[in-house]
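For reference, the structure is listed below as structure tokens.
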Amino acid sequence: MMKSPNRFLGSIWPRFYLNNDEHLNPYYTFQDYRQTWGMAIFILMTTALLPLIVMTLIYYQLIETSIDTESLLRTERATSNARRAVTFFLEERLAALTFTANEMGYDQLTNPGHLTEVLRNLKLGFGGLTDLSVIADSGTQVTYAGPFNLEGKDYSNQPWFMECQQHDACVSETFSGYRDVPHIVVAVKSTRPDGRLFVLRATLETERLIQTLSAYKTGEHADIFLVNRNGLLQTPSQFYEGESHHVDITLPTYSNRTKAVMSADRNGQPIVIGYAFIDTEIAPTSFILMVVKQKAGMMKVWLNLRSDINWFLVVSAVILAIVITLTSTFMVNKIFQADRQKAETMVMAEQNCQLASIGQLAAGVAHEINNPLALINETAGYVKDLFLIKAQYEDTELVEHIDSIIEAVDRCGTITRQLLGFARRFDVHTQPIDLKEMVADVISFHKKEAAYRNITIHMDIPETIPLIETDRGKLQQIILNLVNNAFQAIDDGCFLDIRAEMDGSERVRLFIRDNGCGISEDHLNKVFEPFFTTKKEGKGTGLGLSITYGLVKKLHGNITIQSKRGEGTTFEITLPIQCQKEV
Amino acid sequence: MKVLLVDDEKKFVLMLARRLNLRGIQAEFVYTGAEAIVLVEKGEHFDVAVLDVKMPGISGIELRRELEGLDPRMKFVFLTGHGSSIDYRVGASEAAFYLPKPLKIEELIKTLGRLTGGPVEDANPRH
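Just so you know, the protein sequences line up as chains A and B, in that order.
Residue numbering for the first sequence follows this note's numbering, beginning at 52 and increasing consecutively.
Residue numbering for the second sequence follows this note's numbering, beginning at 1390 and increasing consecutively.
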């Protein structure tokens, strides 16, 4: 139970981080595993996180655009509704005045008692009127009905009166007038029986108008008010109330349609402004209806959601980072281990190669010494023959001396033979070996050459082949020699086929087949003889297959060859599963 | 029994021939493969040819092929300064024997006897 967490830790622990086997460095495929690891993590993180982040940003963008569109539409609708209400409020009262002026006529209206009666009726019918007066074309107030005594006042210089002279009716801006109370004057023009003009004027309570407006105010983040065309507040405002009563928003140019735009307030906060120029059917006004909404207020729900999404994104990124780091470490570890194994094999192969060179050198020296030794041996032997066989001379002491020469030569001969056997005299060390892995290892040495020469290597070693108890170095040398031999025998573009099968339950058969030039029948029984070679002089020693034969025999196995000229060659090696049992 | 010795080591082959002669084996010697071929081509028959493996010009292995073609009855023994007899016997075909240098004359005579199937002369009558 304790093993599995340890194994898990072992597989994700970055072993390559503290790689201090410097002697293996030249044999690694990747020199800098830390960099490879870093690159792997970086690339995976980028490919995993980038689309996520980009998608989220696009989503944010889309949501915000649609919120903007929606708030513009809503503001425009609210403004439009409020505009209708305000326009109706003013038109209703203007229409009542027009009706009164035309129905009653100047004479009846200048009767003070009658005018008071009319005011009471209008108040009952419409409400929102403070007083009512009739003004002659000179601007002088002729008759007054209401709470203040304003009879005889001259209105000829008042802007609304002048406007009323030009149009049939008028609506004033909010002003304090003689009474210093904010109010709006509405007036209509009519004609006396003698053809002269008169004006019927009424004062509107701004309170009523303010109530009408505030009915269209939606929530605490919205404001609704009227301004004149110079930006002066006409009704109270939640956001812009101040000493100057001036609204610091850029006013729009005149339009007869309701509109909504995006803007920013004095603090730079985004706002949505809806506006409409108020015009009645009878007379234009200087009022602009403004609906101001703070965008932050409208976005509140979305901002909360966005914060949730951001958290989700951060948590996902952290989980991804952990998974990617663990996976990358695991994969790079695997590659590192494989590479390390390869490097170790290469170092071993190089050592074997050095040993082989020493062996060859020794063989060369021994050969050179053996010939003079043979001469000494034969000469001494001949002299001894002269004494003993021919009996030409008689000297026992001298024969003894000759014998010691022959003995010395024999001793030298033994030494040179030992020297010659040096490279092949290593004891057989058996260990369990995976044949498939070993063949794959050997093939990997030739991968580059195979790719370069366009040689196909096919390996078919079934998983059912058990581990073989044999000498690793010798078996490796056997396979390496045969693969080398095949590579030298085949032309570019040919193939090499290595397969294995069981031979009963005790032995395994390995076939190494090529479709190279093949060997003629009369050479076939000599290929394992030492010094036999079909290669050009100086190209081959003629010892490769002979040594291979010796090695197979040392492993208690057997090697045979089948070949046809022009069709290819198959070497068949039979090896016992248990090397030592087969003695 | 008639034996042909071929080896480029002139003194060695001379000594060997003399020792064989002393033991009643008729031995002739030449220094190169070419000379050996000429000799056999003349029609001279040898029961056994003792060949050095490594010689300048025609090697022992090649010479065997040539001589076999000229005289199929001929048997062969190879001499080599290269390695032990055991190593070579492993790779050798049944029809040939390998003997390592330096040579033991008793072993050579035993081998010659085995090849020709005849009685082996006493290699060293006094011992």
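Where is the CB? At the ideal position from N, CA and C, for every residue including glycine.
Because the structure is a prediction, the values reported are computed rather than measured.
Chain E contact for residue i (CB, 7 Å cutoff)
{"i": "A/E429", "result": "Chain labels in this structure do not include chain E; the protein chains are A and B."}
Outcome for residue i when other beta-carbon atoms lying within 10 angstroms are tallied against a minimum of 16
{"i": "A/F477", "result": "Note that A/F477 has pLDDT 44, beneath the 50 cutoff, so the model's placement of it is unreliable and the number below is only indicative. Answer is exposed; the Cβ neighbour count stays below 16."}
{"i": "A/N421", "result": "buried"}
{"i": "A/T194", "result": "buried"}
{"i": "A/A502", "result": "exposed"}
{"i": "A/K240", "result": "buried"}
{"i": "A/S571", "result": "exposed"}
{"i": "A/S314", "result": "exposed"}
{"i": "A/T304", "result": "exposed"}
{"i": "A/W88", "result": "buried"}
{"i": "A/P198", "result": "exposed"}
{"i": "A/T465", "result": "exposed"}
{"i": "A/I94", "result": "exposed"}
{"i": "A/N614", "result": "Just to set this straight, residue 614 of chain A is Ser in the shown sequence, not Asn. When all chains shown are included, A/S614 counts as buried."}
{"i": "A/I275", "result": "buried"}
{"i": "A/D573", "result": "exposed"}
Rounded separation between residue i and residue j - CA only
{"i": "A/D188", "j": "A/S223", "result": "18 Å"}
{"i": "A/P65", "j": "A/Q82", "result": "15 Å"}
{"i": "A/N153", "j": "A/L248", "result": "12 Å"}
{"i": "B/V1392", "j": "B/E1398", "result": "17 Å"}
{"i": "A/I261", "j": "A/R134", "result": "13 Å"}
{"i": "B/R1408", "j": "B/Y1487", "result": "20 Å"}
{"i": "A/E500", "j": "A/N609", "result": "29 Å"}
{"i": "A/W211", "j": "A/Q285", "result": "15 Å"}
{"i": "A/L251", "j": "A/T149", "result": "8 Å"}
{"i": "A/C630", "j": "A/F496", "result": "26 Å"}
{"i": "A/N428", "j": "A/D446", "result": "19 Å"}
{"i": "A/A474", "j": "A/R468", "result": "Its pLDDT being 46, under 50, A/A474 is placed unreliably in this model, and the coordinates cannot settle the point."}
{"i": "A/E580", "j": "A/L75", "result": "38 Å"}
{"i": "A/P517", "j": "A/D454", "result": "57 Å"}
{"i": "A/S556", "j": "A/I519", "result": "12 Å"}
{"i": "A/A459", "j": "A/A540", "result": "45 Å"}
{"i": "A/D485", "j": "A/Y110", "result": "56 Å"}
{"i": "A/F139", "j": "A/G325", "result": "19 Å"}
{"i": "B/M1390", "j": "A/F438", "result": "24 Å"}
{"i": "A/L166", "j": "A/T242", "result": "17 Å"}
{"i": "B/L1501", "j": "A/Y444", "result": "29 Å"}
{"i": "B/A1438", "j": "A/R550", "result": "43 Å"}
Inter-residue CB distance, residue i and residue j (contact presumed, cutoff 8 Å)
{"i": "A/T225", "j": "A/H218", "result": "Not quite, the Cβ-Cβ distance comes to about 19 Å (not below 8 Å), so this is no contact."}
{"i": "A/F290", "j": "A/V352", "result": "The Cβ separation is near 22 Å, so there is no contact."}
{"i": "A/L424", "j": "B/K1490", "result": "7 Å"}
{"i": "A/D182", "j": "A/L170", "result": "7 Å"}
{"i": "B/D1396", "j": "B/V1429", "result": "Between B/V1429 and B/D1396 the Cβ distance is about 16 Å, and since that is not below 8 Å, they are no contact."}
{"i": "B/L1452", "j": "B/A1416", "result": "In fact, because the Cβ distance is near 17 Å, the residues do not count as touching under 8 Å."}
{"i": "A/Q528", "j": "A/L602", "result": "6 Å"}
{"i": "A/L620", "j": "A/G569", "result": "The question names Leu, yet the displayed sequence has Thr at residue 620 of chain A. Contact holds; Cβ gap of about 6 Å."}
Residues that residue i bridges to, as DSSP identifies them
{"i": "A/C221", "result": "A/A238"}
{"i": "A/V185", "result": "A/T194, A/L251"}
{"i": "A/Q527", "result": "According to DSSP, A/Q527 bridges with nothing at all."}
{"i": "A/E552", "result": "A/R560"}
{"i": "A/D205", "result": "A/T191"}
{"i": "A/F496", "result": "Looking at the DSSP assignment, A/F496 forms no beta bridge with any residue, so it has no partner."}
{"i": "A/Q482", "result": "A/T521"}
{"i": "A/D330", "result": "A/P335"}
{"i": "A/Q262", "result": "According to DSSP, which records beta bridges pairwise, A/Q262 is partnered with nothing at all."}
{"i": "B/Q1415", "result": "B/K1391"}
{"i": "A/I370", "result": "In DSSP, A/I370 forms no bridge with anything."}
{"i": "A/N428", "result": "Its beta-bridge partners do not exist; DSSP assigns none."}
{"i": "A/F226", "result": "A/H234"}
{"i": "A/M341", "result": "A/F276, A/Y326"}
{"i": "A/S314", "result": "A/I322"}
{"i": "A/I610", "result": "A/I624"}
Residue i: contacting residues in chain A (beta-carbon distance under 7 Å)
{"i": "B/I1494", "result": "G432"}
Residues that residue i contacts on chain A, provided the C-beta gap is smaller than 9 Å
{"i": "B/G1470", "result": "A417, H418, E419, I420, N421, N422, L424, A425, T467"}
{"i": "B/K1400", "result": "L426, E429, T430"}
Residue i: contacting residues in chain B (beta-carbon distance under 8 Å)
{"i": "A/G595", "result": "Within chain B, no residue comes near A/G595; the closest Cβ sits about 11 Å away, beyond 8 Å."}
{"i": "A/L441", "result": "Here residue 441 of chain A is Lys; the residue named in the question, Leu, does not match the sequence. Chain B residues near A/K441: L1411."}
Neighbour list for residue i in chain A, Cβ cutoff strictly below 8 Å
{"i": "B/K1464", "result": "Within chain A, no residue comes near B/K1464; the closest Cβ sits about 16 Å away, beyond 8 Å."}
{"i": "B/M1404", "result": "L426, E429, T430, G432, Y433"}
Per-residue contacts from residue i into chain B (C-beta, under 7 Å)
{"i": "A/G464", "result": "P1491"}
{"i": "A/D436", "result": "R1408, L1411"}
Neighbour list for residue i in chain B, Cβ cutoff strictly below 9 Å
{"i": "A/K525", "result": "Neighbours of A/K525 on chain B: none; closest Cβ ~14 Å, over 9 Å."}
{"i": "A/V460", "result": "P1491"}
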